[in-house]
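Peer 1: Under our numbering, think of the first position of the sequence shown as 44, with each following residue one higher.
Backbone N, C-alpha and C fix where the C-beta goes; we use that ideal spot for every residue, glycine too.
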Amino acid sequence: MARSRLLQHIDSLPALMADLIMPLARAVAAVVPASRCAQISRVFLTGCGDSHHAAVGAALAFRQFAHVSCIPLTALSCSRYHAPYLADSRRAGETDLLVAISVSGGVTRTIEALDLCRQAGAWTLAITGNDQTPLAQAGESVIETRVPPLPADTPEIVVPGMRSYVASQLALYLLAIQLGQGRGHLTKMAADSLRWEIAGMANNAAQTIANCDPRAHALCQTWTDATHFVFCGGGPNYGAALFNAAKMLEASGDPALAQDMEEWAHLQYFSREPHTPTLLISAGAADNDRVQEIAIAATTIGRRVALIAPTTTAAADTLPLQNTLPIAAPVRECFSPLLTTLPGALLAAHRAAETGEPYFRAFGGGRSIEGGGGISRIRTSHRQTRLNQP
């Protein structure tokens, strides 16, 4: 059976990672000089949809390597609820870095967030797939993450974003490493070692796809009666949970929820439907003990639980083998979303293929492909152009 478009995009990711990593590393180094790094005390990462998910998945790398406060924000939260107060909360002599991510470079709210944060005195950097877009033109610095289409891609069929997401995620990790080097927390040798570590993850990605593809397909066939899906993760893998829920929504149209691993125990634990497929995503590191507890709790109350994690994760011992979607280890937790997003995306792709549902509902039912969604107005929404405190 021919591989679906989304599966073809997932299959292409290891090669894409290998192709992008060094050009992106050079691009990041060119726009982030060491002279500016030392002044930065806070980093804000913002975007919408997949771009926001990449931000959540990258924040730990900034804290770990650059030793800075790093806050991932949705674009609306950034522009309307943070930008007006940036200057008031900044200490003398320090600089905020605002990183705005948008593949298209035309999302109104992300452009607004970048513009208003710049007015508030932040250094603004755009990460976008096209350096001629409005977002790129609004930023002081630009990192271009242009991704070539696959040979089978056509404008008529929009495929849920995988390749563009990986490019954004790579750029953010490389930016965190560059800041760490520029601020003196990483030697050049240590920074280069981390860059090569990320490059080596292309092989881990290929192994993860090979291991998880048949299991994801089998789970889809087992869960044909599912009416919704829950994805849970902590730290950077909350970003993976958000991304995987998005791929399920986009690919198959099934209601899908992303939840923080701890918050599941306080909220979804009480959901009435006992058999909800619940996918726990972890690198088997800081949250290892809690993931095992959640796996036991979810199984006890009837949830159909699957684990996306290395086989060494404690929770793997509590679940049947067919319910584990193993990522190739070893993997550093802060980089793990490059791998942990893959099994959930495979699940979404197989679910869409099994149900025959068109991606993005073929933009029907009152939707439109114009402007990225039609009446949702993600590229034509009213934009605030002046920084005003409420």
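For Leu-140, which of Phe-406, Leu-116, His-96 and Leu-56 has the nearest alpha-carbon?
Peer 2: The shortest Cα separation from Leu-140 among Phe-406, Leu-116, His-96 and Leu-56 belongs to Leu-116.
Peer 1: Classify Gly-243 as buried or exposed, calling it buried when 16 or more other Cβ atoms lie within 10 Å of its own Cβ.
Peer 2: With fewer than 16 other CB atoms across the displayed protein chains lying within 10 angstroms of its CB, Gly-243 is exposed.
Peer 1: Output needed for Thr-383: all residues of its chain with C-beta closer than 8 angstroms, excluding positions within five of it in sequence on either side, in chain order.
Peer 2: Scanning its chain for C-beta atoms nearer than 8 angstroms, with the 5 sequence neighbours on each side dropped, one finds around Thr-383 the residues Gly-276, Asn-280, Ala-283, Ile-324, Ser-325, Ala-326, Ile-351, Ala-352 and Ile-370, in chain order.
Peer 1: Just list the residues that DSSP pairs Leu-322 with in beta bridges.
Peer 2: Phe-274 and Ala-349
Peer 1: Have a look at Val-86 and Pro-203 and give me their C-alpha separation to the nearest angstrom.
Peer 2: Here the alpha carbon of Val-86 sits roughly 28 angstroms from the alpha carbon of Pro-203.
Peer 1: Short of 7 angstroms in beta carbon distance, which residues of its chain neighbour Leu-285, apart from the five on each side in sequence? Order them along the chain.
Peer 2: If we look at Leu-285 and ignore the five residues flanking it on each side, its Cβ neighbours are His-96, Val-99 and Ala-301.
Peer 1: Please return the same chain residues whose Cβ sits closer than 7 angstroms to the Cβ of Ala-248, not counting the five positions on each side in sequence.
Peer 2: Leu-56, Pro-57, Met-60, Leu-381, Leu-382 and Leu-385
Peer 1: Taking the straight line between their C-alpha atoms, what separation do you get for Leu-50 and Arg-429?
Peer 2: 43 angstroms
Peer 1: When the distance is taken between beta carbons, is Thr-423 closer than 7 angstroms to Gly-417?
Peer 2: no
Peer 1: Find the nearest neighbour of Ala-156 within the set Gly-92, Phe-272, Asp-131 and Ser-120, judged by alpha-carbon distance.
Peer 2: Ser-120
Peer 1: Quickly, what does DSSP pair Ala-299 with across the bridge? List them, please.
Peer 2: Phe-272.
Peer 1: Would you tell me roughly how many angstroms separate the C-alpha atoms of Ile-64 and Ile-241, rounded to the nearest one?
Peer 2: 8 angstroms
Peer 1: According to DSSP, what are the bridge partners of Trp-166?
Peer 2: Leu-140
Peer 1: Report the partner residues of Ser-84 according to the DSSP bridge assignment.
Peer 2: BP columns for Ser-84 are empty, so no partner.
Peer 1: Which residues does DSSP pair with Ser-145 in a beta bridge?
Peer 2: Thr-171
Peer 1: For Ala-169, which of Ala-163, Thr-188 and Gln-162 has the nearest alpha-carbon?
Peer 2: Among Ala-163, Thr-188 and Gln-162, the Cα nearest to that of Ala-169 belongs to Thr-188.
Peer 1: Between Ala-163 and Ala-118, how many whole angstroms is the CB-CB distance? I'm expecting something under 8 angstroms.
Peer 2: Going by Cβ atoms, the distance from Ala-163 to Ala-118 rounds to 15 angstroms, so no, they are not a contact pair.
Peer 1: Just to check my reading of the structure: Val-142 and Leu-103 have Cβ atoms closer than 8 angstroms, yes? What is that Cβ distance to the nearest angstrom?
Peer 2: That pair is no contact at about 15 angstroms.
Peer 1: By Cβ distance, which residues of its chain are closer than 8 angstroms to Pro-373, with the 5 residues on each side in sequence left out?
Peer 2: Correct list, in chain order: Pro-353.
Peer 1: Could you spell out where the alpha helix (DSSP H) holding Val-185 opens and where it closes?
Peer 2: No alpha helix (DSSP H) holds Val-185; the beta strand (DSSP E) holding it covers 184-187.
Peer 1: How about Ala-299 and Leu-310: do their beta carbons lie closer than 7 angstroms?
Peer 2: No, Cβ-Cβ distance for Ala-299 and Leu-310 is not below 7 angstroms.
Peer 1: Alpha carbon to alpha carbon, what distance is there between Val-190 and Ala-179?
Peer 2: 16 angstroms
Peer 1: Spatial neighbours of Arg-404 within its chain, please: CB distance less than 7 angstroms, with the 5 preceding and 5 following residues excluded, ordered by chain position.
Peer 2: Gly-296 and Arg-410
Peer 1: Could you please give the first and the last residue of the uninterrupted beta strand (DSSP E) stretch that includes Ile-472?
Peer 2: With the chain covering only 44 through 433, there is no way to say anything about residue 472.
Peer 1: Quick one, are the C-beta atoms of Ser-47 and Ala-396 less than 7 angstroms apart?
Peer 2: yes
Peer 1: Among Glu-199, Ala-341 and Asn-366, whose alpha-carbon lies nearest the alpha-carbon of Leu-262?
Peer 2: Asn-366
Peer 1: Under a three-way DSSP split, which group does Gly-204 fall into?
Peer 2: coil
Peer 1: Taking Cβ positions, are Pro-320 and Trp-266 nearer each other than 7 angstroms?
Peer 2: yes
Peer 1: Count the other CB atoms, across all protein chains shown, that sit within 10 Å of the CB of Asn-246; report buried if there are 16 or more and exposed otherwise.
Peer 2: exposed
Peer 1: Could you check how far apart the C-beta atoms of Ala-219 and Phe-313 are, in whole angstroms? I think they sit under 8 angstroms.
Peer 2: The pair is not a contact, with the Cβ atoms about 37 angstroms apart (cut-off 8 angstroms).
Peer 1: Is the beta carbon of Val-146 less than 7 angstroms from the beta carbon of Gly-182?
Peer 2: At least 7 angstroms separates the beta-carbon of Val-146 from that of Gly-182.
Peer 1: Going by the beta-carbon positions, is the gap between His-393 and His-260 smaller than 7 angstroms?
Peer 2: yes
Peer 1: Checking the sheet assignment: what are the DSSP bridge partners for Leu-368?
Peer 2: Ile-351
Peer 1: Between Met-304 and Ile-339, what straight-line distance do the alpha-carbon atoms span, to the nearest angstrom?
Peer 2: 13 angstroms
Peer 1: Which partner residues does Thr-89 have in the DSSP bridge list?
Peer 2: Leu-116 and Ala-143
Peer 1: Count the other CB atoms, across all protein chains shown, that sit within 10 Å of the CB of Ser-132; report buried if there are 16 or more and exposed otherwise.
Peer 2: exposed
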